[in-house]
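Encoded as structure tokens, the structure appears first; notes follow it.
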Ligand SMILES: C[S@@+](CC[C@H](N)C(=O)[O-])C[C@H]1O[C@@H](n2cnc3c(N)ncnc32)[C@H](O)[C@@H]1O
């Protein structure tokens, strides 16, 4: 990671203290992904309820040749939140002479495993793993190649963009546009609005894997930050917020309880929650507007036959021409 382990620990503690002190207590969702969280996420992807990965994978299988065509030869693929890289494999295999692949990933365990697998599968591609928090600034030198690639393509499948609020997503898309540059592009997956029942099931599977994924955050607080808490006092809950068109994950206090952390005590009455993740859902129209507000134009959109999920190839919009001065 660009930051030392000591810095990472200090940032984790500071973020949790800040989040637990807010009127609606919260913890940033990036902390869901330690080695255990990454492993649980892979299991979530295989549950019958979590349609997201299957739909995204099916779109890759059906359209990867079109993705490759739009990306063109000699590209540097930069992936945010790469995870296990199952879709990445399909993409890299279909590209014409890719120049390099940079996965940016917060989870050291997930990054090490996918780098090992992809290096074996694609010995001819330069793989440049970057353990980093993509919500922080990525240094240009970490993405620079010598000689430079023909094109930079930001790859962001899995609808991880959904974790951001709309204004955060707009800021993030602007960063992607800057990274891609004038000649580059963005290949992104976006989950679509659908029946509430289906959405809630996807974030609260019957086998309890999403619950374990969410509750693992409390284990991290106890193990890494030395927090005193009783895990059994909290339960996983998925809620649909219809105003914001998002599924929210919460850890809800089953009874009055407290978390002691770094000399502070945070009390929770029964029913109070810690908000741990958002997953915003879009229509294609809404996403187009969002992308355009960030200076990116949709060149192609793909949807699965059921209309569950979408992929988009975005290109930077030409800057508005300034009126000539008189
Ligand atoms: C929803 S999963 C998607 C994984 C994969 N891209 C896919 O499509 O299946 C989100 C991934 O982003 C990573 N991640 C989450 N927040 C991050 C952050 N702030 N910086 C870097 N990686 C992050 C997680 O570790 C996880 O691998």
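In the working numbering, the protein residues as written are 1 to 326.
Ideal Cβ placement from N, Cα and C applies to all residues, glycine included.
- Item | Residue interval of the alpha helix (DSSP H) (run including residue 313) | For the purposes of this step, residue 313 is taken as the residue at position 313 of the chain shown. Segment 309-316 is the beta strand (DSSP E) holding residue 313; no alpha helix (DSSP H) there.
- Message: Buried or exposed, going by whether 16 or more other CB atoms sit within 10 Å of the CB of residue 308?
- Response: The count along the chain shown starts at 1 and reaches residue 308 at position 308. Buried is the call here.
- Message: Is residue 157 close to ligand 1? I mean its beta-carbon at under 7 angstroms from any heavy atom of the ligand.
- Response: In the chain shown, residue 157 corresponds to position 157, counting from 1. Yes - ligand 1 has a heavy atom lying nearer than 7 angstroms to the Cβ of residue 157.
- Task: Within its chain, find whatever has a CB closer than 6 angstroms to the CB of residue 70; leave out the 5 residues flanking it on each side and keep chain order.
- Result: Here residue 70 refers to the residue found at position 70 of the chain shown. Excluding five sequence positions before and after residue 70, the CB atoms of its chain that fall closer than 6 angstroms to its own CB belong to 313, given in chain order.
- Round the Cβ separation of residue 273 and residue 252 to the nearest angstrom and send it over; I've been treating them as touching at under 8 angstroms. Taking the first residue of the chain shown as 1, we reach residue 273 at position 273. Taking the first residue of the chain shown as 1, we reach residue 252 at position 252. Yes, residue 273 and residue 252 are in contact; Cβ-Cβ is about 4 angstroms, under 8 angstroms.
- Boundaries of the beta strand (DSSP E) in which residue 189 is found, first to last residue: Position 189 of the chain shown holds residue 189. Run containing residue 189: 185-191, per the beta strand (DSSP E) assignment.
- Message: Does the structure place the region 159-176 close enough to the region 264-279 that three or more beta carbon pairs sit under 8 angstroms?
- Response: Contact annotation: the region 264-279 touches the region 159-176, with at least three C-beta pairs closer than 8 angstroms.
- Message: Need the endpoints of the beta strand (DSSP E) that residue 251 sits in, please.
- Response: Sequence index remark: in the chain shown, residue 251 carries index 251 (1-based). If you look at residue 251, you'll find it in the beta strand (DSSP E) that goes 246-253.
- Task: State the DSSP-derived secondary structure class of residue 3, mapped to helix, strand or coil.
- Result: Indexing the chain shown from 1 puts residue 3 at position 3. Of the three classes helix, strand and coil, the one that applies to residue 3 here is coil, per DSSP.
- Query: If you draw a straight line from the C-alpha of residue 11 to the C-alpha of residue 244, how long is it?
  - Reply: Residue mapping note: residue 11 aligns to position 11 of the chain shown, counting from 1. Residue mapping note: residue 244 aligns to position 244 of the chain shown, counting from 1. In a straight line, the C-alpha of residue 11 is about 28 angstroms away from that of residue 244.
- Using the Cα positions of residue 138 and residue 178, report the straight-line distance between them to the nearest angstrom. Indexing the chain shown from 1 puts residue 138 at position 138. Indexing the chain shown from 1 puts residue 178 at position 178. In this structure, the CA atom of residue 138 is about 11 angstroms from the CA atom of residue 178.
- Task: Pull up the distance between the alpha-carbon of residue 107 and that of residue 128, whole angstroms please.
- Result: Working through the chain shown from its first residue, we reach residue 107 at position 107. Working through the chain shown from its first residue, we reach residue 128 at position 128. Looking at the two C-alpha atoms, the distance is approximately 15 angstroms.
- Query: Using the beta-carbon count (16 or more within 10 Å), is residue 326 buried or exposed?
  - Reply: The residue you call residue 326 lines up with position 326 of the chain shown. Per-residue confidence for residue 326 stands at a pLDDT of 49, beneath the threshold of 50, marking its modelled position as unreliable; the derived number appears in the next sentence. Here residue 326 is exposed: its Cβ has fewer than 16 other Cβ atoms, across all protein chains shown, within 10 Å.
- Among 85, 37 and 271, nearest to residue 115 - alpha-carbon criterion: Stepping through the chain shown from its first residue, residue 115 is reached at position 115. In terms of Cα proximity to residue 115, the closest of 85, 37 and 271 is 85.
- Item | Span separating the alpha-carbon of residue 6 from that of residue 262 | Stepping through the chain shown from its first residue, residue 6 is reached at position 6. Stepping through the chain shown from its first residue, residue 262 is reached at position 262. Answer to the nearest angstrom: the Cα atoms are 16 angstroms apart.
- Message: Please tell me whether, using a cut-off of 7 angstroms, the distance from the CB of residue 82 to the nearest non-hydrogen atom of ligand 1 is below it.
- Response: Residue 82 sits at position 82 when you count from the first residue of the chain shown. If you check the C-beta of residue 82 against ligand 1, you find a heavy atom less than 7 angstroms away.
- Task: Grab me the residues of residue 110's own chain with a C-beta within less than 6 angstroms of its C-beta, minus the 5 sequence neighbours each way, in chain order.
- Result: Within the chain shown, residue 110 is the residue found at index 110, counting from 1. Taking C-beta separations shorter than 6 angstroms and ignoring five residues to either side along the sequence, the partners of residue 110 in its chain run 38 and 83, following chain order.
- Cβ-based neighbour list, residue 17, same chain, cut-off 8 angstroms, excluding 5 preceding and 5 following: Taking the first residue of the chain shown as 1, we reach residue 17 at position 17. Around residue 17: 261, 262 and 264.
- Item | Proximity to residue 196 [Cα-Cα], best of 185, 239 and 233 | Reading the chain shown from its first residue, position 196 is the one you call residue 196. For the options 185, 239 and 233, the alpha carbon positioned closest to that of residue 196 is the one of 239.
- Please confirm whether any heavy atom of ligand 1 lies closer than 7 angstroms to the CB of residue 47. On the chain shown, position 47 is the one that residue 47 refers to. No, ligand 1 has no heavy atom inside 7 angstroms of this Cβ.
- Query: Below 8 angstroms, can you find three or more Cβ-Cβ pairs linking the region 167-182 to the region 211-221?
  - Reply: Judged by Cβ distances under 8 angstroms, the region 167-182 makes no contact with the region 211-221, as fewer than three pairs qualify.
- Query: Leaving out the 5 sequence neighbours to the left and right, which residues in its chain are closer than 8 angstroms to residue 231 when beta-carbon positions are compared?
  - Reply: One-based indexing of the chain shown puts residue 231 at position 231. The residues are 215, 218, 219 and 222.
- Item | Distance CB(residue 75)-CB(residue 188) smaller than 8 angstroms | Taking the chain shown and counting its residues from 1, one reaches residue 75 at position 75. Taking the chain shown and counting its residues from 1, one reaches residue 188 at position 188. No, they are not a contact pair.
- Does the Cβ-Cβ distance between residue 205 and residue 49 come in under 8 angstroms? For the purposes of this step, residue 205 is taken as residue 205 along the chain shown, with counting starting at 1. For the purposes of this step, residue 49 is taken as residue 49 along the chain shown, with counting starting at 1. Using a Cβ distance threshold of 8 angstroms, residue 205 and residue 49 count as a contacting pair.
- Message: Between which two residues does the beta strand (DSSP E) holding residue 101 run?
- Response: Within the chain shown, the letter at position 101 stands for residue 101. It spans 100-105 - the beta strand (DSSP E) in which residue 101 sits, taken as one unbroken run.
- Item | Segments of 3+ residues assigned as beta strand (DSSP E) that fall wholly inside the region 86-140 | The region 86-140 contains, as complete beta strand (DSSP E) runs of 3+ residues, the segments 100-105 (chain order).
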